[in-house]
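Below: the structure, in C-alpha coordinates.
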Amino acid sequence: MPPVFEDPWPKERVKSSLQLASANHIRLIEIFLKLIPHFKHDDAGGIHDEALAYSEWRYVNYIRYLRIFGVAPHDYPPPWDVAIVWYCHLLSPGKFHRYLWDGKYRNYGLNHHHFPVKRLLDLYNSGTWSDKKAQRKWELYNKRNDSPKLPFQLWRYPPWQPERKSKLLSPFSNKQPCMHIKADPAIMMHDFGRDEGQIAWCTIMGKKEWTLSEWKDVRIGRRRDVCLKNNLHSRDGEMCQLAPWPTLDDLRETLNSQIAFWKTVIQARDSDASFATSLGHSTGDYERFIRLLGRPAEGTFTSRPVEYDMDTIFRSKSGTHLLRSRCIVPPTLAIDLLWHTHRLYPGSYWVWSFSVARRLIDYEHVTSAAAAGLFLNDTRIEWTKKYGADCPKDLVMNEPGREGYVPDAAAVPPGHPAKIKAKFVLGGTNPIRKRKRRTKGEYFVFDGVYVSFDSGDCGGGDGGGGGGDGGCGGDGGGGGGGGDGGG
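Mapping of the sequence shown onto the UniProt record's numbering: position 138 corresponds to residue 138, and the numbering continues sequentially without gaps.
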(Lines of atoms letter the chains of each structure in order from A and count residues from 1; the text may use other names and numbers.)
(Lines give C-alpha, C1' and ligand atoms only; values in the text may rest on other atoms or scores of the structure.)
Protein backbone atom coordinates (compact mmCIF):
# COMPACT_ATOMS: atom_id res chain seq x y z
CA MET A 1 0.00 0.00 0.00
CA PRO A 2 1.69 3.25 -1.09
CA PRO A 3 1.94 6.06 1.47
CA VAL A 4 0.26 9.46 1.19
CA PHE A 5 1.65 12.96 1.62
CA GLU A 6 0.40 16.44 2.52
CA ASP A 7 3.31 18.70 1.50
CA PRO A 8 3.58 18.53 -2.33
CA TRP A 9 6.71 20.63 -2.81
CA PRO A 10 9.81 18.57 -1.84
CA LYS A 11 10.99 15.81 -4.15
CA GLU A 12 11.69 13.74 -1.02
CA ARG A 13 8.23 14.10 0.48
CA VAL A 14 7.29 13.40 4.06
CA LYS A 15 4.93 10.46 3.76
CA SER A 16 2.72 8.50 6.11
CA SER A 17 1.04 5.14 5.82
CA LEU A 18 -2.61 4.98 4.85
CA GLN A 19 -3.29 3.34 8.22
CA LEU A 20 -1.80 6.30 10.11
CA ALA A 21 -3.60 8.76 7.84
CA SER A 22 -6.86 6.92 8.56
CA ALA A 23 -6.28 7.11 12.31
CA ASN A 24 -5.76 10.88 11.96
CA HIS A 25 -8.85 11.00 9.76
CA ILE A 26 -10.91 9.58 12.64
CA ARG A 27 -9.66 12.34 14.94
CA LEU A 28 -10.55 14.97 12.33
CA ILE A 29 -14.10 13.79 11.74
CA GLU A 30 -14.66 13.87 15.48
CA ILE A 31 -13.96 17.62 15.30
CA PHE A 32 -16.26 17.95 12.28
CA LEU A 33 -19.08 16.30 14.23
CA LYS A 34 -18.57 18.78 17.06
CA LEU A 35 -18.89 21.65 14.57
CA ILE A 36 -22.05 20.50 12.77
CA PRO A 37 -24.50 21.57 15.54
CA HIS A 38 -23.01 25.09 15.47
CA PHE A 39 -24.18 25.85 11.95
CA LYS A 40 -27.58 27.50 11.82
CA HIS A 41 -30.24 24.78 11.42
CA ASP A 42 -33.71 24.89 9.90
CA ASP A 43 -36.96 23.77 11.51
CA ALA A 44 -36.48 20.24 10.15
CA GLY A 45 -33.17 19.91 11.97
CA GLY A 46 -30.91 20.19 8.92
CA ILE A 47 -28.26 22.80 8.24
CA HIS A 48 -30.02 25.92 6.98
CA ASP A 49 -29.85 26.57 3.23
CA GLU A 50 -28.23 29.97 3.79
CA ALA A 51 -25.57 28.53 6.08
CA LEU A 52 -24.75 25.81 3.57
CA ALA A 53 -24.71 28.24 0.62
CA TYR A 54 -22.42 30.59 2.53
CA SER A 55 -19.86 27.91 3.41
CA GLU A 56 -19.95 26.58 -0.16
CA TRP A 57 -19.25 30.13 -1.41
CA ARG A 58 -16.38 30.42 1.05
CA TYR A 59 -15.00 27.14 -0.30
CA VAL A 60 -15.16 28.44 -3.89
CA ASN A 61 -13.09 31.42 -2.79
CA TYR A 62 -10.61 29.33 -0.80
CA ILE A 63 -9.75 27.40 -3.99
CA ARG A 64 -9.30 30.74 -5.78
CA TYR A 65 -7.10 31.98 -2.94
CA LEU A 66 -4.79 28.97 -3.24
CA ARG A 67 -4.48 29.61 -6.96
CA ILE A 68 -3.81 33.33 -6.65
CA PHE A 69 -0.97 32.92 -4.17
CA GLY A 70 0.46 29.72 -5.59
CA VAL A 71 0.24 27.75 -2.35
CA ALA A 72 -1.00 24.35 -1.24
CA PRO A 73 -3.42 23.62 1.63
CA HIS A 74 -0.43 22.28 3.56
CA ASP A 75 1.00 25.82 3.42
CA TYR A 76 -2.28 27.60 4.25
CA PRO A 77 -4.84 25.20 5.78
CA PRO A 78 -8.53 25.97 5.15
CA PRO A 79 -10.99 27.51 7.60
CA TRP A 80 -12.96 24.86 9.45
CA ASP A 81 -16.32 25.23 7.70
CA VAL A 82 -14.52 25.29 4.34
CA ALA A 83 -12.68 22.10 5.32
CA ILE A 84 -16.01 20.29 5.76
CA VAL A 85 -17.28 21.37 2.33
CA TRP A 86 -13.96 20.56 0.67
CA TYR A 87 -13.91 17.10 2.29
CA CYS A 88 -17.21 16.38 0.53
CA HIS A 89 -15.84 17.63 -2.81
CA LEU A 90 -12.77 15.39 -2.64
CA LEU A 91 -14.90 12.24 -2.47
CA SER A 92 -14.86 12.17 -6.28
CA PRO A 93 -11.30 12.67 -7.55
CA GLY A 94 -12.56 12.78 -11.13
CA LYS A 95 -15.07 15.56 -10.49
CA PHE A 96 -12.57 17.48 -8.37
CA HIS A 97 -10.04 17.34 -11.24
CA ARG A 98 -12.71 18.57 -13.63
CA TYR A 99 -13.58 21.42 -11.30
CA LEU A 100 -9.95 22.56 -11.19
CA TRP A 101 -9.40 22.16 -14.92
CA ASP A 102 -12.70 23.66 -16.10
CA GLY A 103 -12.27 26.54 -13.67
CA LYS A 104 -8.86 27.34 -15.23
CA TYR A 105 -7.08 26.38 -11.99
CA ARG A 106 -4.45 24.65 -14.10
CA ASN A 107 -1.05 25.82 -12.90
CA TYR A 108 -1.35 23.48 -9.90
CA GLY A 109 -2.54 19.88 -9.96
CA LEU A 110 -4.08 17.27 -7.69
CA ASN A 111 -0.76 16.88 -5.84
CA HIS A 112 -1.14 20.49 -4.72
CA HIS A 113 -4.65 19.91 -3.37
CA HIS A 114 -4.15 17.18 -0.78
CA PHE A 115 -6.29 17.61 2.31
CA PRO A 116 -4.10 18.78 5.23
CA VAL A 117 -5.47 16.41 7.86
CA LYS A 118 -2.38 16.49 10.06
CA ARG A 119 -1.95 20.27 9.76
CA LEU A 120 -5.53 20.84 10.88
CA LEU A 121 -5.15 18.41 13.78
CA ASP A 122 -1.93 20.11 14.86
CA LEU A 123 -3.69 23.49 14.85
CA TYR A 124 -6.60 22.12 16.85
CA ASN A 125 -4.42 20.29 19.38
CA SER A 126 -2.22 23.35 19.90
CA GLY A 127 -5.25 25.50 20.69
CA THR A 128 -4.40 27.81 17.78
CA TRP A 129 -7.56 27.09 15.71
CA SER A 130 -6.38 29.23 12.75
CA ASP A 131 -3.06 29.21 10.92
CA LYS A 132 -1.73 32.74 11.40
CA LYS A 133 0.11 32.89 8.07
CA ALA A 134 -2.96 31.68 6.23
CA GLN A 135 -5.10 34.26 7.99
CA ARG A 136 -2.68 37.11 7.21
CA LYS A 137 -2.56 36.06 3.56
CA TRP A 138 -6.37 35.97 3.51
CA GLU A 139 -6.40 39.54 4.82
CA LEU A 140 -4.09 40.46 1.93
CA TYR A 141 -6.51 38.65 -0.39
CA ASN A 142 -9.33 40.80 0.97
CA LYS A 143 -7.46 43.95 -0.15
CA ARG A 144 -7.57 42.93 -3.80
CA ASN A 145 -10.15 44.52 -6.09
CA ASP A 146 -11.47 41.07 -6.99
CA SER A 147 -11.74 39.85 -3.41
CA PRO A 148 -15.02 38.47 -2.03
CA LYS A 149 -14.34 40.38 1.24
CA LEU A 150 -14.95 37.35 3.43
CA PRO A 151 -13.64 36.69 6.94
CA PHE A 152 -11.09 33.91 7.20
CA GLN A 153 -12.90 31.85 9.83
CA LEU A 154 -16.61 31.38 10.24
CA TRP A 155 -15.94 30.80 13.95
CA ARG A 156 -13.18 32.88 15.52
CA TYR A 157 -12.54 30.09 18.03
CA PRO A 158 -14.09 26.67 18.75
CA PRO A 159 -17.79 27.47 19.06
CA TRP A 160 -18.34 25.02 21.92
CA GLN A 161 -15.96 26.98 24.13
CA PRO A 162 -17.16 29.67 26.55
CA GLU A 163 -17.97 33.05 25.03
CA ARG A 164 -15.04 35.31 24.30
CA LYS A 165 -14.89 39.05 23.63
CA SER A 166 -17.06 39.54 20.55
CA LYS A 167 -20.82 39.28 20.95
CA LEU A 168 -21.61 39.54 17.23
CA LEU A 169 -24.20 37.03 16.12
CA SER A 170 -24.80 35.66 12.65
CA PRO A 171 -27.82 34.15 10.95
CA PHE A 172 -25.76 31.07 9.96
CA SER A 173 -24.66 30.14 13.45
CA ASN A 174 -26.80 28.40 15.99
CA LYS A 175 -26.79 31.54 18.17
CA GLN A 176 -23.09 31.20 18.78
CA PRO A 177 -21.45 34.44 19.98
CA CYS A 178 -18.06 33.58 18.50
CA MET A 179 -19.11 34.39 14.95
CA HIS A 180 -16.63 36.70 13.32
CA ILE A 181 -18.88 37.91 10.52
CA LYS A 182 -21.44 40.65 10.22
CA ALA A 183 -25.11 39.81 10.35
CA ASP A 184 -25.86 39.91 6.61
CA PRO A 185 -22.71 39.36 4.53
CA ALA A 186 -22.75 40.27 0.87
CA ILE A 187 -21.86 37.77 -1.82
CA MET A 188 -19.45 39.74 -4.02
CA MET A 189 -19.03 38.78 -7.69
CA HIS A 190 -16.25 40.09 -9.94
CA ASP A 191 -15.38 39.78 -13.61
CA PHE A 192 -11.89 41.28 -13.55
CA GLY A 193 -9.11 39.86 -15.68
CA ARG A 194 -10.63 40.09 -19.15
CA ASP A 195 -8.22 38.97 -21.85
CA GLU A 196 -9.41 38.65 -25.45
CA GLY A 197 -12.96 38.25 -24.24
CA GLN A 198 -12.08 35.69 -21.56
CA ILE A 199 -13.10 36.34 -17.96
CA ALA A 200 -10.94 35.01 -15.16
CA TRP A 201 -13.70 34.30 -12.62
CA CYS A 202 -17.10 32.85 -13.22
CA THR A 203 -19.68 35.44 -12.23
CA ILE A 204 -23.43 36.00 -12.57
CA MET A 205 -24.56 38.30 -15.36
CA GLY A 206 -25.67 41.80 -14.47
CA LYS A 207 -25.19 41.77 -10.72
CA LYS A 208 -22.06 42.33 -8.64
CA GLU A 209 -23.41 42.22 -5.08
CA TRP A 210 -25.91 39.71 -3.77
CA THR A 211 -27.58 39.20 -0.45
CA LEU A 212 -27.05 35.76 1.00
CA SER A 213 -30.76 35.04 0.61
CA GLU A 214 -30.57 35.86 -3.11
CA TRP A 215 -27.50 33.68 -3.60
CA LYS A 216 -29.15 30.83 -1.70
CA ASP A 217 -32.11 31.10 -4.10
CA VAL A 218 -29.72 30.77 -7.05
CA ARG A 219 -28.11 27.67 -5.55
CA ILE A 220 -31.39 25.93 -4.75
CA GLY A 221 -32.77 26.71 -8.23
CA ARG A 222 -35.41 29.21 -7.17
CA ARG A 223 -33.72 31.90 -9.30
CA ARG A 224 -32.59 31.21 -12.86
CA ASP A 225 -29.62 33.58 -13.02
CA VAL A 226 -26.77 32.09 -15.04
CA CYS A 227 -23.02 32.48 -15.17
CA LEU A 228 -21.59 35.02 -17.61
CA LYS A 229 -19.58 32.14 -19.08
CA ASN A 230 -22.60 29.86 -19.39
CA ASN A 231 -22.37 29.57 -23.19
CA LEU A 232 -18.73 28.50 -22.89
CA HIS A 233 -19.63 25.99 -20.18
CA SER A 234 -22.36 24.51 -22.38
CA ARG A 235 -20.21 24.47 -25.52
CA ASP A 236 -17.21 22.85 -23.87
CA GLY A 237 -19.04 20.66 -21.34
CA GLU A 238 -17.38 22.50 -18.47
CA MET A 239 -18.24 22.82 -14.79
CA CYS A 240 -18.84 26.33 -13.46
CA GLN A 241 -16.56 27.66 -10.71
CA LEU A 242 -19.64 28.87 -8.84
CA ALA A 243 -21.19 25.40 -8.63
CA PRO A 244 -18.96 22.66 -7.21
CA TRP A 245 -22.25 20.72 -7.01
CA PRO A 246 -25.07 21.18 -9.54
CA THR A 247 -27.37 22.45 -6.78
CA LEU A 248 -27.24 23.02 -3.06
CA ASP A 249 -29.40 19.93 -2.56
CA ASP A 250 -26.62 17.80 -4.05
CA LEU A 251 -24.17 19.19 -1.51
CA ARG A 252 -26.68 18.61 1.27
CA GLU A 253 -27.17 14.96 0.26
CA THR A 254 -23.42 14.42 0.18
CA LEU A 255 -22.87 16.11 3.54
CA ASN A 256 -25.72 14.24 5.23
CA SER A 257 -24.31 10.97 3.95
CA GLN A 258 -20.87 11.84 5.32
CA ILE A 259 -22.25 12.86 8.71
CA ALA A 260 -23.87 9.42 9.01
CA PHE A 261 -20.56 7.81 7.97
CA TRP A 262 -18.61 9.88 10.51
CA LYS A 263 -20.98 8.91 13.32
CA THR A 264 -20.71 5.24 12.39
CA VAL A 265 -16.91 5.39 12.40
CA ILE A 266 -16.83 7.08 15.80
CA GLN A 267 -19.25 4.49 17.20
CA ALA A 268 -17.05 1.69 15.86
CA ARG A 269 -13.96 3.23 17.41
CA ASP A 270 -15.69 3.74 20.76
CA SER A 271 -17.02 0.18 20.85
CA ASP A 272 -13.76 -1.44 19.72
CA ALA A 273 -10.54 -0.02 21.14
CA SER A 274 -8.52 -1.80 18.45
CA PHE A 275 -10.55 -0.44 15.51
CA ALA A 276 -8.08 2.29 14.50
CA THR A 277 -4.94 0.30 15.24
CA SER A 278 -6.17 -2.74 13.29
CA LEU A 279 -6.85 -0.86 10.06
CA GLY A 280 -3.52 -2.06 8.70
CA HIS A 281 -4.96 -5.58 8.55
CA SER A 282 -7.60 -4.36 6.08
CA THR A 283 -5.30 -2.67 3.55
CA GLY A 284 -5.01 -5.87 1.51
CA ASP A 285 -8.80 -6.23 1.40
CA TYR A 286 -9.07 -2.57 0.41
CA GLU A 287 -6.80 -3.17 -2.59
CA ARG A 288 -8.77 -6.28 -3.54
CA PHE A 289 -11.98 -4.23 -3.35
CA ILE A 290 -10.63 -1.64 -5.81
CA ARG A 291 -9.32 -4.38 -8.12
CA LEU A 292 -12.88 -5.72 -8.52
CA LEU A 293 -13.54 -2.88 -10.97
CA GLY A 294 -10.12 -3.05 -12.59
CA ARG A 295 -9.20 -3.52 -16.22
CA PRO A 296 -7.91 -6.99 -17.11
CA ALA A 297 -4.16 -7.51 -17.09
CA GLU A 298 -2.57 -7.59 -20.52
CA GLY A 299 0.84 -7.27 -22.13
CA THR A 300 2.16 -3.78 -22.75
CA PHE A 301 4.61 -2.29 -25.20
CA THR A 302 5.70 0.52 -22.90
CA SER A 303 8.15 0.66 -20.02
CA ARG A 304 5.78 3.05 -18.19
CA PRO A 305 2.47 1.14 -18.13
CA VAL A 306 0.86 3.18 -15.32
CA GLU A 307 1.46 6.48 -17.09
CA TYR A 308 0.25 4.92 -20.36
CA ASP A 309 -2.97 3.70 -18.72
CA MET A 310 -3.55 7.14 -17.21
CA ASP A 311 -3.35 8.74 -20.66
CA THR A 312 -5.48 6.32 -22.71
CA ILE A 313 -9.13 5.32 -22.87
CA PHE A 314 -9.76 1.64 -22.18
CA ARG A 315 -11.74 -0.32 -24.76
CA SER A 316 -12.54 -3.87 -23.73
CA LYS A 317 -11.75 -6.68 -26.13
CA SER A 318 -14.21 -9.33 -27.20
CA GLY A 319 -14.47 -12.09 -24.62
CA THR A 320 -12.98 -9.98 -21.81
CA HIS A 321 -14.62 -10.58 -18.43
CA LEU A 322 -15.57 -7.35 -16.69
CA LEU A 323 -17.62 -6.86 -13.56
CA ARG A 324 -21.30 -7.23 -14.36
CA SER A 325 -22.36 -4.45 -11.98
CA ARG A 326 -21.04 -0.94 -12.61
CA CYS A 327 -21.14 -0.13 -8.89
CA ILE A 328 -19.83 -1.94 -5.84
CA VAL A 329 -19.82 -0.88 -2.19
CA PRO A 330 -17.16 -1.43 0.48
CA PRO A 331 -17.98 -4.72 2.22
CA THR A 332 -16.62 -3.56 5.60
CA LEU A 333 -16.48 -0.27 7.46
CA ALA A 334 -12.68 -0.53 7.68
CA ILE A 335 -12.42 -0.73 3.88
CA ASP A 336 -14.78 2.23 3.54
CA LEU A 337 -12.68 4.28 5.98
CA LEU A 338 -9.45 3.46 4.12
CA TRP A 339 -11.10 4.38 0.83
CA HIS A 340 -12.45 7.66 2.23
CA THR A 341 -9.03 8.51 3.62
CA HIS A 342 -7.17 7.72 0.41
CA ARG A 343 -9.38 10.06 -1.63
CA LEU A 344 -8.45 12.97 0.65
CA TYR A 345 -5.08 12.76 -1.12
CA PRO A 346 -6.30 12.82 -4.74
CA GLY A 347 -2.87 12.83 -6.39
CA SER A 348 -1.76 9.76 -4.43
CA TYR A 349 -5.09 8.03 -5.00
CA TRP A 350 -5.10 8.74 -8.75
CA VAL A 351 -1.70 7.11 -9.31
CA TRP A 352 -2.47 4.17 -7.01
CA SER A 353 -5.87 3.48 -8.57
CA PHE A 354 -4.31 3.24 -12.02
CA SER A 355 -1.47 1.11 -10.69
CA VAL A 356 -3.78 -1.52 -9.15
CA ALA A 357 -6.91 -1.26 -11.34
CA ARG A 358 -5.51 0.29 -14.54
CA ARG A 359 -8.27 2.92 -14.37
CA LEU A 360 -9.63 5.53 -11.97
CA ILE A 361 -12.11 4.00 -9.55
CA ASP A 362 -14.34 6.91 -8.64
CA TYR A 363 -17.24 7.39 -6.26
CA GLU A 364 -20.98 7.50 -6.76
CA HIS A 365 -23.48 8.57 -4.13
CA VAL A 366 -25.95 5.84 -3.18
CA THR A 367 -29.35 7.30 -2.40
CA SER A 368 -30.99 4.45 -0.49
CA ALA A 369 -30.22 1.57 1.82
CA ALA A 370 -32.07 -0.76 -0.57
CA ALA A 371 -29.74 0.16 -3.44
CA ALA A 372 -26.70 -0.23 -1.18
CA GLY A 373 -27.93 -3.68 -0.17
CA LEU A 374 -28.17 -4.78 -3.81
CA PHE A 375 -24.71 -3.42 -4.58
CA LEU A 376 -23.33 -5.14 -1.48
CA ASN A 377 -24.76 -8.47 -2.63
CA ASP A 378 -23.17 -7.98 -6.07
CA THR A 379 -19.87 -7.09 -4.40
CA ARG A 380 -19.84 -10.29 -2.34
CA ILE A 381 -20.69 -12.45 -5.37
CA GLU A 382 -17.98 -10.89 -7.53
CA TRP A 383 -15.43 -11.07 -4.71
CA THR A 384 -15.94 -14.82 -4.34
CA LYS A 385 -15.86 -15.30 -8.11
CA LYS A 386 -12.64 -13.30 -8.57
CA TYR A 387 -10.68 -14.38 -5.50
CA GLY A 388 -12.09 -17.81 -4.72
CA ALA A 389 -12.67 -16.82 -1.10
CA ASP A 390 -15.49 -15.38 0.96
CA CYS A 391 -15.85 -11.62 0.95
CA PRO A 392 -14.98 -10.04 4.32
CA LYS A 393 -17.99 -8.99 6.36
CA ASP A 394 -18.83 -6.99 9.44
CA LEU A 395 -22.01 -6.27 11.37
CA VAL A 396 -22.25 -2.65 10.20
CA MET A 397 -22.58 -3.64 6.55
CA ASN A 398 -25.04 -6.46 7.10
CA GLU A 399 -27.86 -3.92 7.37
CA PRO A 400 -27.07 -0.88 5.17
CA GLY A 401 -29.00 2.12 6.44
CA ARG A 402 -28.69 1.26 10.11
CA GLU A 403 -28.09 4.48 12.06
CA GLY A 404 -28.55 6.35 8.78
CA TYR A 405 -25.28 5.10 7.30
CA VAL A 406 -25.51 4.10 3.64
CA PRO A 407 -22.13 3.29 2.05
CA ASP A 408 -21.35 5.08 -1.17
CA ALA A 409 -20.40 3.08 -4.24
CA ALA A 410 -17.16 2.66 -6.09
CA ALA A 411 -17.83 3.15 -9.79
CA VAL A 412 -16.10 3.48 -13.14
CA PRO A 413 -16.84 6.87 -14.74
CA PRO A 414 -17.72 6.77 -18.44
CA GLY A 415 -15.01 7.74 -20.89
CA HIS A 416 -11.74 9.03 -19.50
CA PRO A 417 -11.68 10.98 -16.22
CA ALA A 418 -8.86 13.34 -17.22
CA LYS A 419 -8.94 16.39 -19.46
CA ILE A 420 -5.17 16.44 -20.02
CA LYS A 421 -2.18 14.13 -19.68
CA ALA A 422 -1.65 12.62 -16.26
CA LYS A 423 1.51 14.55 -15.43
CA PHE A 424 -0.49 17.80 -15.73
CA VAL A 425 -3.52 16.39 -13.89
CA LEU A 426 -1.22 15.66 -10.96
CA GLY A 427 1.53 18.26 -11.23
CA GLY A 428 -0.21 21.19 -12.90
CA THR A 429 0.96 23.03 -16.00
CA ASN A 430 3.26 25.59 -14.36
CA PRO A 431 3.57 24.84 -10.63
CA ILE A 432 5.64 27.74 -9.31
CA ARG A 433 5.54 27.74 -5.53
CA LYS A 434 4.20 31.05 -4.21
CA ARG A 435 4.48 32.42 -7.76
CA LYS A 436 8.06 33.47 -7.18
CA ARG A 437 9.61 35.79 -9.74
CA ARG A 438 12.31 34.73 -12.17
CA THR A 439 11.92 31.05 -11.33
CA LYS A 440 12.27 28.01 -13.53
CA GLY A 441 12.90 24.35 -12.96
CA GLU A 442 11.16 20.99 -12.76
CA TYR A 443 8.50 19.76 -10.37
CA PHE A 444 8.58 16.10 -9.33
CA VAL A 445 5.14 14.63 -10.01
CA PHE A 446 5.55 10.91 -9.30
CA ASP A 447 8.08 8.19 -9.99
CA GLY A 448 10.25 9.39 -12.89
CA VAL A 449 7.73 12.00 -14.08
CA TYR A 450 8.38 15.76 -13.95
CA VAL A 451 6.66 18.97 -15.08
CA SER A 452 8.67 22.03 -16.09
CA PHE A 453 7.82 25.42 -14.62
CA ASP A 454 8.93 28.91 -15.66
CA SER A 455 7.76 32.25 -14.31
CA GLY A 456 8.82 34.06 -17.49
CA ASP A 457 10.21 37.57 -17.25
CA CYS A 458 7.87 39.10 -14.72
CA GLY A 459 6.36 36.46 -12.39
CA GLY A 460 3.31 36.98 -10.28
CA GLY A 461 4.70 37.46 -6.76
CA ASP A 462 1.90 37.11 -4.24
CA GLY A 463 -0.77 37.25 -6.88
CA GLY A 464 0.15 40.75 -7.93
CA GLY A 465 0.97 40.49 -11.60
CA GLY A 466 -1.02 39.68 -14.68
CA GLY A 467 -4.71 38.97 -15.17
CA GLY A 468 -7.14 37.17 -12.96
CA ASP A 469 -4.73 34.37 -12.21
CA GLY A 470 -2.33 36.75 -10.53
CA GLY A 471 0.64 35.28 -12.37
CA CYS A 472 2.59 35.89 -15.53
CA GLY A 473 0.77 34.44 -18.48
CA GLY A 474 -2.16 32.94 -16.57
CA ASP A 475 -3.04 29.29 -16.13
CA GLY A 476 -2.21 26.80 -18.81
CA GLY A 477 0.36 29.16 -20.24
CA GLY A 478 4.05 29.69 -19.71
CA GLY A 479 6.97 27.47 -19.04
CA GLY A 480 6.32 23.76 -18.84
CA GLY A 481 2.55 23.97 -19.20
CA GLY A 482 0.12 23.46 -21.96
CA GLY A 483 2.15 22.29 -24.91
CA ASP A 484 2.05 18.58 -24.13
CA GLY A 485 -1.49 18.59 -22.93
CA GLY A 486 -3.48 16.81 -25.53
CA GLY A 487 -4.22 13.67 -23.49
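All residues carry an ideal CB built from backbone N, CA and C; glycine is no exception.
All of these numbers come straight from a predicted model, not from anything done at the bench.
Distance from the CA atom of residue 74 to the CA atom of residue 115, rounded to whole angstroms, is 8 Å.
If you draw a straight line from the Cα of residue 230 to the Cα of residue 268, it comes to about 45 Å. Taking 8 Å as the cut-off, the Cβ atoms of residue 363 and residue 309 do not count as close. Under the Cβ criterion (8 Å, minimum of three pairs), the stretch 417 to 433 does not count as touching the stretch 284 to 300. Of the candidates 239, 352, 442 and 379, 239 places its Cα closest to the Cα of residue 98. The residue from 386, 158, 22 and 94 with its alpha-carbon nearest to that of residue 415 is 94.
Two segments are said to touch when three or more pairs of C-beta atoms, one from each, lie closer than 8 Å; by this definition the stretch 26 to 34 touches the stretch 244 to 264. Going by C-alpha positions, residue 63 is about 11 Å away from residue 76. For residue 356, the CB contacts under 8 Å within the same chain, skipping 5 residues up- and downstream, are 287, 290, 291 and 294 in chain order. In this structure, the straight-line span from the alpha carbon of residue 204 to that of residue 188 is close to 10 Å. The continuous stretches of alpha helix (DSSP H) do not include residue 208, and DSSP gives it neither H nor E.
In the DSSP assignment, residue 440 falls within the beta strand (DSSP E) that extends over 440 to 446.
Note on geometry: alpha-carbon atoms of residue 246 and residue 11 lie some 37 Å from one another. Runs of the alpha helix (DSSP H) lying entirely within the stretch 113 to 172 and spanning at least 4 residues, in chain order: 117 to 126 and 132 to 141.
The beta carbons of residue 311 and residue 410 sit no closer together than 8 Å.
Nearest neighbour of residue 136 by Cα position, chosen from 250, 49 and 150, turns out to be 150. When secondary structure is reduced to three states using DSSP, residue 410 falls in the strand class. A contact is defined here as three or more CB-CB pairs under 8 Å, and the stretch 338 to 347 meets this definition with respect to the stretch 97 to 111. Boundaries cannot be given for residue 226, as no alpha helix (DSSP H) includes it and DSSP labels it neither H nor E. Under DSSP, residue 452 shares a beta bridge with 442. One alpha carbon belongs to residue 305, the other to residue 297, and they sit about 11 Å apart. Here residue 23 carries a helix assignment [DSSP, helix/strand/coil]. One alpha carbon belongs to residue 250, the other to residue 221, and they sit about 12 Å apart. Residue pairing of residue 16 in beta bridges, as defined by DSSP: 4. Short of 6 Å from the beta carbon of residue 447, and not among the five residues preceding or following it, lies no beta carbon of its own chain. Between the beta-carbon of residue 23 and that of residue 276 there is about 5 Å, and that keeps the pair under the 8 Å contact cut. Runs of the beta strand (DSSP E) spanning 3 or more residues and lying entirely within the stretch 249 to 282 do not occur at all. Fully contained in the stretch 361 to 431 are the following alpha helix (DSSP H) runs of length 4 or more, in chain order: 369 to 387, 395 to 398 and 422 to 427. In the three-state scheme derived from DSSP, where H, G and I count as helix and E and B as strand, residue 72 is classed as coil.
For residue 357, there is no enclosing beta strand (DSSP E); the enclosing alpha helix (DSSP H) covers residues 346 to 357. Nearest neighbour of residue 370 by Cα position, chosen from 226, 404, 207 and 52, turns out to be 404. For residue 441, the closest C-alpha among the options 454, 429 and 228 is that of 454. Among the bridge pairs identified by DSSP, residue 96 is matched with none. Between the alpha carbons of residue 389 and residue 383 lies a gap of roughly 7 Å.
Of 65, 158, 102 and 92, the smallest CA-CA separation from residue 419 is found for 102. Between residue 228 and residue 153, the alpha-carbon positions lie close to 29 Å from each other.
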